[in-house]
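Asker: Quick one: this structure, given as structure tokens, is what I'll be asking you about.
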């Protein structure tokens, strides 16, 4: 039951982050849509009771994931704004980032999280090949982009979405 409630809360939070709104009507809409999605997902694949230790470990990683994503969002917004007003160097291009074979949920969450940041756009997410193709604002050093993405995944996302 706690896992289902957590899913509703997380889905609602993502919905509200995308809307950038805390209007009561938006919150209610988010809760209703998240509840319907969780109920539909449970109907498709019923879940047994989750083991308590992994759930608690995953919950402990949520603040770092959210905080790190907000830091990435602020940094990406700053870099994008600097390029738009002509004060930053932009050498955009495509970078292929290897993704660990952990499952579709983790890959999808990574793609969504990276897509929030304005200086990166997820072009393709290929779970079969284990690759995520990103268009980044500064692709002068693709190895650095890959290292930064993998480090962010390992430190922030993996504890929550193993």
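Numbering (our numbering), first residue to last: 66 to 227.
Positions of the beta carbon are idealized from the N, C-alpha and C atoms, including for glycine.
Can you give me the Cβ contacts of residue 103 inside the same chain, cut-off strictly under 8 Å, excluding the 5 residues immediately before and after it?
Answerer: Position 38 of the chain shown, counted from the first residue, corresponds to residue 103. Within the same chain, residue 103 has close Cβ partners 69, 72, 73 and 76.
Asker: Locate the beta strand (DSSP E) running through residue 161, then write down its first and last residues.
Answerer: Within the chain shown, the letter at position 96 stands for residue 161. Taken as a continuous stretch (DSSP letters only), the beta strand (DSSP E) holding residue 161 covers 158-163.
Asker: Taking the alpha carbon of residue 170 as the reference point, which residue from 223, 97, 82 and 89 has its own alpha carbon closest?
Answerer: The residue labelled residue 170 in the question sits at position 105 within the chain shown. Considering only alpha carbons, the answer is 223.
Asker: By DSSP, does residue 116 sit in helix, in strand, or in coil?
Answerer: Counting from 1 along the chain shown, the entry for residue 116 is found at position 51. Residue placement at residue 116 is poorly supported in this model, since its pLDDT is 49, which falls under 50; the coordinates are not used for a value here.
Asker: Taking contact to mean 3 or more Cβ pairs, one atom from each stretch, closer than 8 Å, check whether the segment 202-221 and the segment 159-179 are in contact.
Answerer: yes
Asker: For residue 197, collect the residues of the same chain with a Cβ closer than 6 Å to its Cβ; drop the 5 residues on either side in sequence, then sort them by chain order.
Answerer: The residue labelled residue 197 in the question sits at position 132 within the chain shown. In its chain, beyond the 5 residues on either side, 162, 164 and 190 have a beta carbon closer than 6 Å to the beta carbon of residue 197.
Asker: Who are the Cβ neighbours of residue 138 in its own chain at under 8 Å, not counting the five residues just before and after it?
Answerer: Locating residue 138 in the chain shown gives position 73, counting from the first residue. Taken in chain order, the residues that qualify are 181, 182 and 183.
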